[in-house]
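Read the structure below first, then the notes.
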Amino acid sequence: MSPKPSPTPLIVALCAAQIVSMLGAATFPALLPTFLAEWNLSKTDAGWLNGIYYVGYLAAVPVLVSLTDRTPPRKIYYLCMVLTAVGTLGFALMTSGFWSAFVFRVISGVALAGTYMPGLKLLSNHLRHMAGDKDQSRAVAFYTSSFGIGVAISFYLSGVVATALDWHWAFGLASLGPAAAMVLAVLAFPHQDPEQTDRPSTHLLDFRPVFQCRAAMGYVLAYTAHNFELFVFRAWGVTYLVFAAATGPTGNMGWSATAIAAVINLLALPSSVLGNELSRRFGRHRIITMVMLSSAVLACVLGISADWPYWVVVGLSLLYGITLTGDSASITAGVVAAAPKGYQGATMAVHSCIGFIGAFAGPLMFGVMLDFTSPTGVGGETIASWGWAFAFTGLIVTLGPLALALLREKKKD
-6 MSPKPSPTPL IVALCAAQIV SMLGAATFPA LLPTFLAEWN LSKTDAGWLN
44 GIYYVGYLAA VPVLVSLTDR TPPRKIYYLC MVLTAVGTLG FALMTSGFWS
94 AFVFRVISGV ALAGTYMPGL KLLSNHLRHM AGDKDQSRAV AFYTSSFGIG
144 VAISFYLSGV VATALDWHWA FGLASLGPAA AMVLAVLAFP HQDPEQTDRP
194 STHLLDFRPV FQCRAAMGYV LAYTAHNFEL FVFRAWGVTY LVFAAATGPT
244 GNMGWSATAI AAVINLLALP SSVLGNELSR RFGRHRIITM VMLSSAVLAC
294 VLGISADWPY WVVVGLSLLY GITLTGDSAS ITAGVVAAAP KGYQGATMAV
344 HSCIGFIGAF AGPLMFGVML DFTSPTGVGG ETIASWGWAF AFTGLIVTLG
394 PLALALLREK KKD
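Counting from -6, one number per residue, gives the positions in the sequence shown under this note's numbering.
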């Protein structure tokens, strides 16, 4: 009897595909200071353009991810990789202001809905076929961490390319990433998908079995708070670092804000994987709660630190980057494990849809808070406005542990 093939090549290939597919994901927030000046945007306008990406995601994710319970995930995955390239290249060639940017941000958000969680479902189906019901949390940890690595590379390359050429080139070159992701996935995965035996008995958008699962919904709501905070910093982190460099006593010390943001996002891999390993040892709820409460405190401190020495601001930002993602894999692995039988795709759809409400609301509400708390109504020009916006973010994060505690099943972690 021949030994079963190792799942490692599949995990590596799909993680690599996830990374390169995200090359355009952070290009807009990385270059936000450029767009604020070039298009004369308010902070609220910028919040909308950051957040509308996730409205596109939210609109598409219930259908696209639920379909993975009923149709091979690879079909959805490949189609939306093409759409990712279209959205990124379209931004490069056809965007000239708020409304045209608005359209292509929505398209890119829809594309993400068909690649991120469907990619995880594609991987999960093959792993289950190869290894049965063996714990998949480590594979989930590496896959979800790949999202952050892709964002980190996107931040860095966007800054480098835009400086050397311009923002059009930054988006244009990033559109090559999804094409490379397609090639990786096609080469790595078997041509035949495993047969899906546990098909749901309800219609496509009937999520009642998921809503009735308290354990899964606890993780979903924690994910919402997590995304609120995470995407606030991904949307506004570069702009905040630029402000801190201009405000503090030591300047930027020769470090570009986009390079620092890239390093912060690269911390997603070790922090997410380590968080998952700690969760396996000490319990998911306990570790997630500790990480989220620590992150809430750090958000409040970081918000008032803009006039401190820049190296202190950078150090706090790096530490914040660890807590931002330290709970990510644990939350997603928790919801996958808690999913009702036959409804893993539907559970991922609910997880993504409700969770990414936070991803939409976070950047938007942060921009609104910057404008609302500024004496002049022009946000982001005072330390106080940044402090209030970050403190509000920290308050939202504390709702995650509360949801986990209220919806926890006594017999399961």
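The C-beta atom is built at its ideal place from N, Cα and C for all residues, glycine as well.
Quick check on M341: does DSSP put it in helix, strand or coil? Here residue 341 is taken as the residue at index 348 of the sequence shown, counted from 1. Reduced to three states, the DSSP call for M341 is helix.
Member of I12, L120, L388, P263 whose CA lies at the smallest distance from the CA of G170: Counted from its first residue, the sequence shown places residue 170 at position 177. Here the closest residue by C-alpha is I12.
Considering only residues of the region 216 to 273, which uninterrupted alpha helix (DSSP H) runs meet the minimum length of 4 residues and lie entirely inside it, listed in chain order? 250 to 259
Kindly indicate which three-state DSSP category F349 falls into: helix, strand or coil? By 1-based counting over the sequence shown, the position of residue 349 is 356. Of the three classes helix, strand and coil, the one that applies to F349 here is helix, per DSSP.
Per-residue DSSP class, three states only, for T366: Taking the sequence shown and counting its residues from 1, the one referred to as residue 366 is at position 373. T366 falls in the coil class under three-state DSSP.
Is N33 buried or exposed, if buried means 16 or more other CB atoms sit within 10 Å of its CB? Mapped onto the sequence shown, residue 33 falls at position 40. N33 is exposed by the Cβ-count criterion.
Taking C-alpha atoms, which residue in C346, A238, V290, V213 lies nearest to V329? Mapped onto the sequence shown, residue 329 falls at position 336. Taking only the C-alpha atoms, the option nearest V329 is V213.
What's the gap between the Cα of V133 and the Cα of S323? Against the sequence shown, residue 133 aligns to sequence position 140. Against the sequence shown, residue 323 aligns to sequence position 330. Cα to Cα, the separation comes out at about 9 Å.
V144 and A106 - do their beta-carbons sit closer together than 8 Å? As a first step, residue 106 must be located in the sequence shown, where it is residue number 113. As a first step, residue 144 must be located in the sequence shown, where it is residue number 151. No. Outside cutoff.
What's the call for F84, buried or exposed, on a 16-neighbour Cβ count within 10 Å? The residue given as residue 84 occupies position 91 in the sequence shown. The residue in question, F84, is buried, as its Cβ has 16 or more Cβ neighbours within 10 Å.
Suppose contacts are defined by Cβ-Cβ distances below 8 Å. Is T27 in contact with D364 by that definition? The residue you call residue 27 lines up with position 34 of the sequence shown. The residue you call residue 364 lines up with position 371 of the sequence shown. Going by C-beta atoms, T27 is not nearer than 8 Å to D364.
When the Cα of Q337 is compared with those of S249, G355, A209, which residue comes out closest? Position 344 of the sequence shown holds residue 337. Checking every option, the nearest Cα to that of Q337 belongs to A209.
Residue interval of the alpha helix (DSSP H) (run including S101): Along the sequence shown, one-based indexing puts residue 101 at 108. Where S101 is concerned, the enclosing alpha helix (DSSP H) stretches over 91 to 106.
Below 8 Å between beta carbons: does that hold for F359 and G102? As a working mapping, residue 359 is identified with position 366 in the sequence shown. As a working mapping, residue 102 is identified with position 109 in the sequence shown. No, these two residues do not count as a Cβ contact at 8 Å.
Our contact map puts N220 next to F349 with C-beta atoms below 8 Å; I'd like the distance itself, whole angstroms only. Taking the sequence shown and counting its residues from 1, the one referred to as residue 220 is at position 227. Taking the sequence shown and counting its residues from 1, the one referred to as residue 349 is at position 356. Confirmed, Cβ separation roughly 6 Å.
Between G247 and G319, how many whole angstroms is the CB-CB distance? I'm expecting something under 8 Å. Here residue 247 refers to the residue found at position 254 when the sequence shown is read from its first residue. Here residue 319 refers to the residue found at position 326 when the sequence shown is read from its first residue. With a Cβ gap of about 29 Å, G247 and G319 do not count as contacting.
Cα-Cα separation between P333 and I347, rounded to whole angstroms: By one-based count along the sequence shown, residue 333 stands at place 340. By one-based count along the sequence shown, residue 347 stands at place 354. If I take the Cα positions, the gap works out to 17 Å.
Do the region 224 to 242 and the region 274 to 291 meet, that is, are 3 or more Cβ pairs less than 8 Å apart? no
According to DSSP, is W32 helix, strand or coil? Residue 32 sits at position 39 when you count from the first residue of the sequence shown. Three-state DSSP puts W32 in coil, outside helix and strand.
Inter-residue Cα distance where the pair is P202 and A331: As a first step, residue 202 must be located in the sequence shown, where it is residue number 209. As a first step, residue 331 must be located in the sequence shown, where it is residue number 338. Going from the Cα of P202 to the Cα of A331 covers about 12 Å.
Just the Cα atoms here: how many angstroms apart are V307 and F385? Locating residue 307 in the sequence shown gives position 314, where the first residue counts as 1. Locating residue 385 in the sequence shown gives position 392, where the first residue counts as 1. Approximately 21 Å between the Cα atoms of the pair.
Taking the Cβ atom as the reference point for each residue, do Y136 and A255 lie within a distance shorter than 8 Å? The residue labelled residue 136 in the question sits at position 143 within the sequence shown. The residue labelled residue 255 in the question sits at position 262 within the sequence shown. Cβ atoms of Y136 and A255: not closer than 8 Å.
Between P368 and V235, what straight-line distance do the alpha-carbon atoms span, to the nearest angstrom? The residue given as residue 368 occupies position 375 in the sequence shown. The residue given as residue 235 occupies position 242 in the sequence shown. Roughly 20 Å separates the two Cα atoms.
Answer yes or no: do L400 and R274 have a C-beta to C-beta separation smaller than 8 Å? Walking along the sequence shown from the start, residue 400 turns up at place 407. Walking along the sequence shown from the start, residue 274 turns up at place 281. The answer is no: Cβ separation not under 8 Å.
Boundaries (first-last residue) of the alpha helix (DSSP H) holding Q11: The sequence position of residue 11 within the sequence shown is 18, counting from 1. That run of the alpha helix (DSSP H) goes 1 to 14.
By the 10 Å Cβ neighbour count, where 16 or more other Cβ atoms means buried, how is D62 classified, buried or exposed? Position 69 of the sequence shown holds residue 62. Buried, since its Cβ has 16 or more Cβ neighbours within 10 Å.
Our contact map puts I389 next to S310 with C-beta atoms below 8 Å; I'd like the distance itself, whole angstroms only. By one-based count along the sequence shown, residue 389 stands at place 396. By one-based count along the sequence shown, residue 310 stands at place 317. Contact flag wrong, Cβ pair sits at about 19 Å.
Continuous alpha helix (DSSP H) stretch holding S321: start and end: Here residue 321 corresponds to residue number 328 of the sequence shown, with the count starting at 1. Run containing S321: 321 to 331, per the alpha helix (DSSP H) assignment.
Can you have a look at M87 and say buried or exposed, based on whether 16 or more other CB atoms are within 10 angstroms of its CB? Residue numbering aside, residue 87 sits at position 94 when the sequence shown is read from its first letter. Counting Cβ neighbours within 10 Å, M87 comes out exposed, since fewer than 16 surround it.
Using 10 angstroms around the beta-carbon of A398, count the other beta-carbons present and answer buried if the total reaches 16, otherwise exposed. Here residue 398 refers to the residue found at position 405 when the sequence shown is read from its first residue. Exposed, since its Cβ has fewer than 16 Cβ neighbours within 10 Å.
Looking at the unbroken alpha helix (DSSP H) that takes in R277, where does it start and where does it end? Position 284 of the sequence shown, counting from 1, holds the residue named residue 277. Element bounds for R277: 277 to 296.
Assign W92 to one of two classes, buried (16 or more other C-beta atoms within 10 Å of its C-beta) or exposed (fewer than that). Translated into positions along the sequence shown, residue 92 becomes position 99. Looking at its Cβ environment, which holds fewer than 16 other Cβ atoms inside 10 Å, W92 is exposed.
Can you give me the Cβ contacts of A18 inside the same chain, cut-off strictly under 7 Å, excluding the 5 residues immediately before and after it? Taking the sequence shown and counting its residues from 1, the one referred to as residue 18 is at position 25. For A18, where only same-chain residues beyond five positions count, the Cβ hits under 7 Å are G143, V144, S147.
Identity of the residue in T391, M341, A354 nearest L42 by Cα: By 1-based counting over the sequence shown, the position of residue 42 is 49. Minimum Cα distance to L42 is reached at A354.
Is the Cβ-Cβ distance between G393 and C293 less than 8 Å? Start at 1 with the first residue of the sequence shown, and residue 393 comes out as number 400. Start at 1 with the first residue of the sequence shown, and residue 293 comes out as number 300. In this structure, C293 does not lie closer than 8 Å to G393 by Cβ.
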